[in-house]
Amino acid sequence: MRYFNLFSNILVTKGIRRILISDLQRNISELYPLELYEMIEELKKKSIENLISDYDDESKETAQEYLNILLEKEYGFITDKDWDRNFPPLSFGYHEPSVITDIFLEIENIDVIKKISSSIENLGGKHLTIYSTTSLTTEDFIKIDKIFKTSVLSGIEIFSLFHEDVDKLFIDTVHKNTKRIYQVTFYSCKRKPFKVKDEFRFSLYFTEEEVKISSCGKVDLKYFNTNISKVSEAIHHNSCLHKKIGIDIYGNIKNCPLMSESFGNINNSSLEEAVLKTGFKKYWNITKDSIEVCRDCEFRYICTDCRAYTERTHKNNDGLDVSKPLKCGYDPYTGNWEAWSKNPLKQTAIHYYEQNNSKA
Amino acid sequence: MKIKIEEKNKLPLTFKHIETFRHQKLKKLNDIIYVLDCEKYQTNFHIREKPTKALTRLI
Numbered sequence: 009m010r011y012f013n014l015f016s017n018i019l020v021t022k023g024i025r026r027i028l029i030s031d032l033q034r035n036i037s038e039l040y041p042l043e044l045y046e047m048i049e050e051l052k053k054k055s056i057e058n059l060i061s062d063y064d065d066e067s068k069e070t071a072q073e074y075l076n077i078l079l080e081k082e083y084g085f086i087t088d089k090d091w092d093r094n095f096p097p098l099s100f101g102y103h104e105p106s107v108i109t110d111i112f113l114e115i116e117n118i119d120v121i122k123k124i125s126s127s128i129e130n131l132g133g134k135h136l137t138i139y140s141t142t143s144l145t146t147e148d149f150i151k152i153d154k155i156f157k158t159s160v161l162s163g164i165e166i167f168s169l170f171h172e173d174v175d176k177l178f179i180d181t182v183h184k185n186t187k188r189i190y191q192v193t194f195y196s197c198k199r200k201p202f203k204v205k206d207e208f209r210f211s212l213y214f215t216e217e218e219v220k221i222s223s224c225g226k227v228d229l230k231y232f233n234t235n236i237s238k239v240s241e242a243i244h245h246n247s248c249l250h251k252k253i254g255i256d257i258y259g260n261i262k263n264c265p266l267m268s269e270s271f272g273n274i275n276n277s278s279l280e281e282a283v284l285k286t287g288f289k290k291y292w293n294i295t296k297d298s299i300e301v302c303r304d305c306e307f308r309y310i311c312t313d314c315r316a317y318t319e320r321t322h323k324n325n326d327g328l329d330v331s332k333p334l335k336c337g338y339d340p341y342t343g344n345w346e347a348w349s350k351n352p353l354k355q356t357a358i359h360y361y362e363q364n365n366s367k368a
Numbered sequence: 055m056k057i058k059i060e061e062k063n064k065l066p067l068t069f070k071h072i073e074t075f076r077h078q079k080l081k082k083l084n085d086i087i088y089v090l091d092c093e094k095y096q097t098n099f100h101i102r103e104k105p106t107k108a109l110t111r112l113i
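Chains A and B are the protein sequences, given in the same order.
Residue numbers for the first sequence follow the numbering used here, so the first one is 9 and each next one is one higher.
Residue numbers for the second sequence follow the numbering used here, so the first one is 55 and each next one is one higher.
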């Protein structure tokens with residue numbers, strides 16, 4: 009008798025129509041038909057011979073083909089006589105010592121950053137994302153980096169409005185004088201000032217799009233991440249808001265700068281105080297398993313959630329919004345991607361957010 | 055930055071045990087590991103990291 013052993017680093021996520029197999033060592037996810045899920049589950053209980061004999065003659069060939077795929081993709085291996093017990097399942101436990109890992113900041117000028125830098129140190133912040141509504145100069149970039157010269161922050165990402173001074177020399181100066189910045193994006197850029205090669209300490213992007221902070225929350229294949237840290241966080245916590253803090257352009261401290269609820273203002277409250285306020289962590293443990301529609305989606309552990317823009321259709325017993333993210337055009341019940349903004353069922357929610365934006 | 059801890063026992067010199075591969079291709083630029091100074095963690099080998107998930111989905 010032969011037995012199939014699934015490697016511990018292979019995570020199978022069952023959707024309503026398809027399954028997603030994530031290889032957490034190679035960091036690749038692939039889609040397969042639902043019937044493979046049943047087979048993988050059966051293979052945990054039966055030998056290969058017993059499993060194949062359960063199928064009718066016509067299906068035996070398909071079952072063998074599925075088995076070949078599992079072996080080809082190196083999702084597992086075969087042993088004789090018994091399963092190899094040296095591959096117990098992974099716990100997927102998520103442990104993160106920092107109180108806050110991600111900080112999302114919307115700024116008009118960089119003075120705000122200095123004000124919150126000591127709080128970032130105390131909270132153990134790891135990644136800072138800055139969205140600037142104005143054009144940043146080389147001095148601004150260098151000053152931002154210098155504020156965090158010996159900080160616990162391990163990376164800074166900046167979105168800045170494009171301006172005519174941005175050229176090769178500008179970027180070279182930033183490259184030579186900064187350390188923590190890992191990504192810079194200039195938006196509203198009609199024409200790239202030069203051809204970008206992989207030559208700087210940071211990734212550099214120029215986009216024609218007039219990126220607004222309210223453009224955030226899109227759900228798309230390009231934003232999916234297959235890696236063990238992301239997946240284990242998503243299994244236990246909210247993949248966007250867990251250990252995140254946001255500050256909007258007015259200095260209001262929020263879970264995300266795009267959400268309406270505020271937990272104080274940086275002018276009269278510290279980030280440490282805001283984190284301790286009742287309700288600050290209420291969304292931290294809302295996983296995709298408890299969000300409508302997402303709970304049936306095969307991408308639920310590699311996708312990043314959004315609670316700022318939702319379809320506003322469902323609330324849980326605690327009054328928390330558990331509706332599907334508004335900007336997701338994927339329907340797990342059909343397996344099709346469509347333009348979310350054209351979906352007639354989303355129009356009420358789209359209208360609601362448009363009205364709110366115009367008020368702000 | 056002042057690092058208060060000093061290494062009591064220096065690490066052994068292991069270079070003589072390292073096999074070199076002269077023909078090996080150079081690593082791609084994005085494989086470079088950048089290290090930073092960090093006062094709180096008392097190290098000058100704080101690794102610059104990109105987040106493991108998409109923190110913003112603006113574009």
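Quick reminder that beta carbons are idealized off the backbone N, C-alpha and C, glycines included.
For chain B, check one thing: does any of its Cβ atoms lie closer than 8 Å to the Cβ of residue i?
| i | result |
| --- | --- |
| G133 of chain A | no |
| N235 of chain A | yes |
| K157 of chain A | yes |
| F112 of chain A | yes |
| R315 of chain A | no |
| S196 of chain A | no |
| T186 of chain A | no |
| E129 of chain A | yes |
| Y231 of chain A | yes |
| R199 of chain A | no |
| E217 of chain A | yes |
| Y369 of chain A | Summary: the structure shown does not reach residue 369 of chain A, with chain A confined to residues 9 through 368, and so no result is reported for it. |
| T312 of chain A | yes |
| K226 of chain A | yes |
| S247 of chain A | yes |
| T137 of chain A | yes |
| K332 of chain A | no |
| K251 of chain A | no |
| S162 of chain A | yes |
| R209 of chain A | yes |
| F167 of chain A | yes |
Is any beta-carbon of chain A found at less than 8 Å from that of residue i?
| i | result |
| --- | --- |
| I113 of chain B | yes |
| I87 of chain B | no |
Tell me whether residue i is buried or exposed, calling it buried when 16 or more other Cβ atoms sit within 10 Å of its Cβ.
| i | result |
| --- | --- |
| I86 of chain B | exposed |
| W345 of chain A | exposed |
| N293 of chain A | exposed |
| M55 of chain B | exposed |
| Y360 of chain A | exposed |
| V301 of chain A | buried |
| L229 of chain A | exposed |
| S268 of chain A | exposed |
| E165 of chain A | buried |
| V89 of chain B | exposed |
| K285 of chain A | exposed |
| R199 of chain A | exposed |
In angstroms, rounded to a whole number, what distance separates the CA positions of residue i and residue j?
| i | j | result |
| --- | --- | --- |
| N364 of chain A | T318 of chain A | 14 Å |
| L136 of chain A | I60 of chain A | 53 Å |
| I138 of chain A | F167 of chain A | 6 Å |
| H245 of chain A | E172 of chain A | 42 Å |
| F307 of chain A | E147 of chain A | 42 Å |
| K220 of chain A | V192 of chain A | 15 Å |
| L177 of chain A | S125 of chain A | 29 Å |
| E1 of chain A | V20 of chain A | With chain A covering only 9 through 368, there is no way to say anything about residue 1 of chain A. |
| C92 of chain B | Y231 of chain A | 30 Å |
| N35 of chain A | F149 of chain A | 32 Å |
| T145 of chain A | I261 of chain A | 26 Å |
| N185 of chain A | I86 of chain A | 54 Å |
| F210 of chain A | H183 of chain A | 7 Å |
Less than 6 Å between C-beta atoms, sequence neighbours within five positions excluded: which residues of the same chain meet that for residue i?
| i | result |
| --- | --- |
| G133 of chain A | I108, I111 and L161 |
| E38 of chain A | I29 |
| F100 of chain A | S240 and I243 |
| Q33 of chain A | N17 |
| A316 of chain A | G225, C264, L266 and M267 |
| T141 of chain A | E116 |
| K68 of chain A | I60 |
Near residue i, which residues of its chain fall below 7 Å by C-beta distance, leaving aside the five closest residues on each side in sequence?
| i | result |
| --- | --- |
| C197 of chain A | F170, F214, T215 and E216 |
| D7 of chain A | Residue 7 of chain A lies beyond the stretch modelled for chain A, which goes from 9 to 368, so this question has no answer here. |
| G259 of chain A | V120, N273, I274 and N275 |
The ligand NAP and residue i: does the residue's C-beta get closer than 7 Å to at least one heavy atom of that ligand?
| i | result |
| --- | --- |
| A108 of chain B | Annotation note on the ligand NAP: not contained in the displayed structure, which lists no ligands. |
Residues in its own chain within less than 8 Å of residue i by CB, not counting five upstream and five downstream?
| i | result |
| --- | --- |
| P96 of chain A | S16 |
Cβ contact (3+ pairs, closer than 8 Å) linking the segment 108 to 118 of chain A and the segment 238 to 254 of chain A: yes
Touch test, the segment 325 to 337 of chain A against the segment 217 to 235 of chain A, Cβ-Cβ under 8 Å, three pairs minimum: yes
Contact between the segment 13 to 30 of chain A and the segment 85 to 103 of chain A (3+ Cβ pairs under 8 Å): yes
Cβ pair count under 8 Å reaching 3, the segment 207 to 218 of chain A against the segment 276 to 288 of chain A: no
Stretch-stretch touch, CB-based, cutoff 8 Å, three pairs: the segment 195 to 204 of chain A with the segment 147 to 166 of chain A: no
Segment contact flag, the segment 345 to 356 of chain A with the segment 231 to 238 of chain A, C-beta cutoff 8 Å, min 3 pairs: no
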